[in-house]
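Student: Could you have a look at this structure, given as structure tokens, before my questions?
Protein chains: 2
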Amino acid sequence: MRIAVDAMGTDLAPTTEVEGAIGALRQLGPDLEILLIGDRDQIEAEIGRHEDVPHDRLSIVHASERVSASDSPSAVLRKKPDSSIVVGLKLHGSGEADAFLSAGSTGAVMAGSLFILKRLEGVDRPTVGTTIPTASGPLLMLDAGTNVDCKPQHLVQFAHLGKIYAQDLMKSENPRIGLLSVGSEPEKGDETTLATHALLRDEPSLNFIGNVEGRDVITGGFEVLVCDGFVGNVLLKFYEAAAGFLMGTVGRALKEQQARVDLSDLMKTFDWAEYGGAPLLGVNGVSIICHGHSPPAAIQNGIREAYNAVRSDLIAHMRRELAATTQPSEETT
Amino acid sequence: MRIAVDAMGTDLAPTTEVEGAIGALRQLGPDLEILLIGDRDQIEAEIGRHEDVPHDRLSIVHASERVSASDSPSAVLRKKPDSSIVVGLKLHGSGEADAFLSAGSTGAVMAGSLFILKRLEGVDRPTVGTTIPTASGPLLMLDAGTNVDCKPQHLVQFAHLGKIYAQDLMKSENPRIGLLSVGSEPEKGDETTLATHALLRDEPSLNFIGNVEGRDVITGGFEVLVCDGFVGNVLLKFYEAAAGFLMGTVGRALKEQQARVDLSDLMKTFDWAEYGGAPLLGVNGVSIICHGHSPPAAIQNGIREAYNAVRSDLIAHMRRELAATTQPSEETT
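From first to last, the protein sequence lines are chains B and X. Per this note's numbering, the very first residue in the first sequence carries number 18; after that it's consecutive. Per this note's numbering, the very first residue in the second sequence carries number 18; after that it's consecutive.
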């Protein structure tokens with residue numbers, strides 16, 4: 018299996034990517050090969066700093082351009098055809114790589130994935146999912162910010178995509194799916210949520226547990242949270258900041274009082290790097306997006322996620338799920 | 018000044034309300050009188066348990082009915098005309114009381130306030146605001162769940178109402194107003210947020226600081242957060258649960274390791290009872306809504322909030338602000 022890794026995406030590229038890739042090669046099966054995409058000289062120099070590199074499973078594909086935050090995502094394909102994102106996605110699209118991972122511009126990865134990998138049939142809008150920590154384990158939230166104005170059928174498609182992701186990558190046989198709303202009763206919610214609730218309830222292949230509220234996102238007890246990208250993004254950024262703020266405040270209080278307490282297990286629960294990358298679901302391929310400020314551990318975990326997605330045949334399962342759904346997509350209506 | 022307090026609203030009514038009211042009478046100025054509305058016998062029995070009660074400033078207005086969670090809010094006026102909520106609001110509407118507070122059904126208080134107190138001119142939809150803790154102090158978020166589908170002009174009206182509330186009750190001379198979105202740039206957001214941004218930017222009387230993100234709700238540095246009631250409600254319930262979960266987890270870790278650490282200051286920051294009630298803004302009166310599971314301290318703080326609102330002439334200031342705005346309301350268009 019070959020995974021194409023954009024080596025030019027993080028704030029500390031390619032240092033972070035090279036370290037993450039070498040970590041993944043050591044951690045994962047001997048069937049894994051990694052292609053690092055980006056500036057060959059810089060990547061080679063970084064590799065040179067490491068010892069015991071599995072060179073036979075690590076290669077470099079040169080890409081002369083780099084996408085920056087100021088590049089218009091939709092113009093990247095045309096204006097930066099030799100960027101690490103475009104080159105990496107094309108390797109995946111042509112079958113020379115089985116998956117792609119990038120910590121670069123989310124918009125450019127999305128646009129490139131859509132154009133190069135194409136959408137899966139039955140999906141109107143691919144969605145970025147994010148795994149968030151809850152009191153009862155990880156929860157896949159989708160959408161996490163890509164689609165801020167959603168129609169009910171888009172949210173239903175997210176539910177199907179999330180179900181398959183949870184089955185294949187979260188080892189949940191019959192994933193419970195909750196719809197984010199302002200009350201647990203079916204009649205609580207805004208117009209879109211009310212209409213979505215009715216569609217999800219009528220979808221026999223989904224284990225729909227009904228509406229969930231903000232507090233349930235903390236309690237957990239279900240595997241997939243469906244919401245539009247506006248509220249998803251607000252919640253995600255809020256959660257990251259709240260966890261950091263609370264833990265920081267506790268840490269200072271402990272220090273001031275010279276208390277010796279080990280909170281490392283707790284910190285780990287809220288360490289977002291543990292959760293790897295955010296999968297772009299609904300395209301015809303495995304495309305994983307990492308934070309621009311990812312540490313090497315997050316890149317390594319993102320590669321592991323891509324590896325597991327390929328091994329479990331995630332995309333074929335999604336294709337099968339979508340073919341069996343009763344809801345029409347925009348294409349077919 | 019007379020404040021009408023629904024004594025039958027909390028889960029432990031009227032015990033909680035009586036204790037909160039007596040606390041408020043002791044804490045606040047000698048000009049404060051409180052009317053406790055509800056079952057006379059039960060309230061008298063509760064008052065009998067307290068010593069040194071300022072009887073000259075505490076009276077009971079009997080109301081034979083009590084609104085329950087299963088009552089339809091819009092039918093309460095008609096079906097339970099002698100309920101503590103309706104009786105209390107009518108006392109305020111007629112001028113016999115200067116403000117009203119209830120920890121009963123939010124929907125019934127809203128519906129009753131709208132019908133009895135009426136909307137302020139220029140307000141299409143009254144809004145419930147909630148004060149939430151941030152790293153730099155309290156922040157008024159509106160809407161907190163009342164209006165789940167909002168049009169841009171509704172959000173602009175919330176901004177005006179929030180501005181005056183922050184001036185009068187948060188002692189902020191020139192309150193900074195942020196619009197909740199998925200990015201700080203004006204072009205980031207869903208359709209409603211984009212349109213609202215443009216309206217707020219053109220409103221010279223508002224100190225609009227632009228879009229704020231989920232993480233900014235933690236960082237703070239502004240006084241008023243404008244959002245629709247769907248995302249506001251999700252955020253609020255999430256925040257309450259997240260703070261409880263994080264603090265609980267920290268507490269257990271400390272206990273397991275037998276560490277003696279005083280986190281009471283921190284706990285106080287996230288103790289929602291500190292923040293009293295949620296004001297219903299946009300009606301022609303002071304109407305404060307408390308949680309059904311409020312402790313006496315929250316009722317006391319809610320009464321203090323009502324007291325300060327009356328003293329600062331909040332409603333007159335709101336009327337003046339709305340008269341000077343440039344945006345038409347639905348009534349006038």
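By construction, the Cβ of each residue, glycine as well, lies at the ideal position given by its N, Cα and C atoms.
1) Counting only Cβ pairs nearer than 7 Å, list the residues of chain B close to X:D207.
2) Rounded to whole angstroms, what's the CA-CA distance from X:F255 to B:V327? Just pull it up for me.
3) Quick check: the Cα distance between B:L137 and B:L297, rounded to an integer number of angstroms?
4) List the residues of chain X that B:N224 touches, going by C-beta distances under 9 Å, in chain order.
5) Return no unless some Cβ of chain X is closer than 8 Å to the Cβ of B:Y324.
6) Quick check on DSSP: helix, strand or coil for B:D88?
7) If we count the other Cβ atoms within 10 Å of its Cβ and call it buried at 16 or more, is B:N301 buried or exposed?
8) Can you tell me which of B:S119, B:I77, B:D88 puts its alpha carbon nearest to the alpha carbon of B:G319?
9) Suppose only complete runs of 3+ residues qualify. What are the beta strand (DSSP E) ranges in the region 211-262 of chain X, listed by chain order?
10) Quick one: grab the DSSP three-state call for X:R336.
11) For B:E50, which three-state DSSP category applies?
12) Per DSSP, B:V193 forms a beta bridge with which residues?
13) So, at 7 Å on beta carbons, what are the nonlocal neighbours of X:G40 in its own chain, with the 5 sequence-adjacent residues on each side left out?
14) With burial defined as no fewer than 16 other Cβ atoms inside 10 Å of the residue's Cβ, what is the status of X:P378: buried or exposed?
15) Helix, strand or coil for B:V303? Go by DSSP, reduced to three states.
16) Given a threshold of 16 other Cβ atoms within 10 Å of its Cβ, counted over all protein chains shown, does X:D88 qualify as buried or as exposed?
17) Which residues, in chain order, does the region 217-243 of chain X contribute to contact with chain B at a C-beta distance below 9 Å?
18) Could you say if the region 103-123 of chain B and the region 151-161 of chain B meet the contact criterion of at least three C-beta pairs nearer than 8 Å?
19) How would you label B:R218, buried or exposed, when you count the other beta carbons within 10 angstroms and need 16 or more for buried?
20) What do you get for X:D48, buried or exposed, if any count of 16 or more other CB atoms within 10 angstroms of its CB means buried?
21) How would you label B:E63, buried or exposed, when you count the other beta carbons within 10 angstroms and need 16 or more for buried?
22) Would B:P98 pass as an interface residue toward chain X - the criterion being a Cβ-Cβ separation below 8 Å?
23) Consider the Cβ of B:L197: report whether some Cβ of chain X lies at a distance smaller than 8 Å.
24) So B:Y182 contacts chain X; which residues on that side make the cut at Cβ distance below 8 Å?
25) Spatial neighbours of X:V103 within its chain, please: C-beta separation below 7 Å, excluding the five flanking residues on both sides.
26) Is the shortest distance between the beta-carbon of B:D279 and the beta-carbons of chain X less than 8 Å?
27) Which residues in chain B sit within 7 Å of X:K254, going by Cβ to Cβ distance?
28) Of the choices B:V251, B:K285, B:T144, whose alpha-carbon is the least far from that of B:C167?
29) For B:A378, go through chain X and note every residue whose CB falls closer than 7 Å to its CB, in chain order.
30) Would you give the residue range spanned by the alpha helix (DSSP H) that B:M127 belongs to?
31) Which residue from B:L339, B:D28, B:K135, B:E68 puts its Cα closest to that of B:G391?
32) May I ask you to list the residues that DSSP assigns as paired with B:E82?
33) Report yes or no: do three or more beta-carbon pairs, one from the region 177-189 of chain X and one from the region 271-286 of chain X, lie closer than 8 Å?
34) Apart from the five residues just before and just after X:R193, which ones in its own chain have a Cβ nearer than 6 Å to its Cβ?
35) Comparing alpha-carbon positions, which option in X:A259, X:G112, X:D282 lies nearest B:T266?
36) B:Q170 and B:L216 - do their beta-carbons sit closer together than 8 Å?
Tutor: The structure says:
1) Within 7 Å Cβ-Cβ: V165, D166, F247.
2) Looking at the two C-alpha atoms, the distance is approximately 34 Å.
3) Taking the straight line from one Cα to the other gives about 12 Å.
4) Here the premise fails: no neighbours, minimum Cβ distance about 22 Å.
5) No, because no Cβ of chain X sits closer than 8 Å to the Cβ of B:Y324.
6) Here B:D88 sits in coil by DSSP.
7) So B:N301 ends up on the buried side.
8) The shortest C-alpha to C-alpha distance from B:G319 to any of B:S119, B:I77, B:D88 is the one to B:S119.
9) At a cut-off of 3 residues, the continuous stretches assigned as beta strand (DSSP E) that sit fully inside the region 211-262 of chain X are 224-229, 241-243.
10) X:R336 falls in the helix class under three-state DSSP.
11) B:E50 sits in a strand when the DSSP states are folded into three classes.
12) The amino acid occupying residue 193 of chain B in the given sequence is Arg; Val does not appear at that position. Beta-bridge pairing links B:R193 to B:N224.
13) Once the five neighbours on either side are set aside, the close Cβ partners of X:G40 are P313, Q317.
14) Look at the range of chain X in this structure, 18 to 350, and you will see that residue 378 of chain X is not part of it.
15) In the structure shown, B:V303 falls within a coil segment according to DSSP collapsed to helix, strand and coil.
16) When all chains shown are included, X:D88 counts as buried.
17) Cβ proximity to chain B below 9 Å picks out E230, G231, R232, D233, V234, I235, T236 from the region 217-243 of chain X.
18) No, they do not touch.
19) Exposed, since its Cβ has fewer than 16 Cβ neighbours within 10 Å.
20) Answer is exposed; the Cβ neighbour count stays below 16.
21) With 16 or more other Cβ atoms within 10 Å, it is buried.
22) Answer no: the Cβ-Cβ gap between B:P98 and chain X never drops below 8 Å.
23) B:L197 counts as touching chain X.
24) Within chain X, no residue comes near B:Y182; the closest Cβ sits about 22 Å away, beyond 8 Å.
25) Excluding residues within five positions, the ones whose Cβ falls inside 7 Å are V93, L94, K97, G129.
26) Chain X, which has a Cβ nearer than 8 Å to the Cβ of B:D279, makes this yes.
27) Those within 7 Å of X:K254 in chain B are E230, G231, R232.
28) Of the candidates B:V251, B:K285, B:T144, the one whose C-alpha sits nearest the C-alpha of B:C167 is B:T144.
29) Residue 378 of chain B is absent from the model: chain B starts at 18 and stops at 350.
30) Run containing B:M127: 123-133, per the alpha helix (DSSP H) assignment.
31) Missing from the structure shown is residue 391 of chain B; chain B here goes from 18 to 350 and no further.
32) Under DSSP, B:E82 shares a beta bridge with B:S100.
33) Three or more Cβ pairs closer than 8 Å define a contact, and the region 177-189 of chain X falls short of that threshold against the region 271-286 of chain X.
34) N224, I226, F239, E240, listed in sequence order.
35) It is X:D282.
36) One thing to note: B:L216 has its Cβ within 8 Å of the Cβ of B:Q170.
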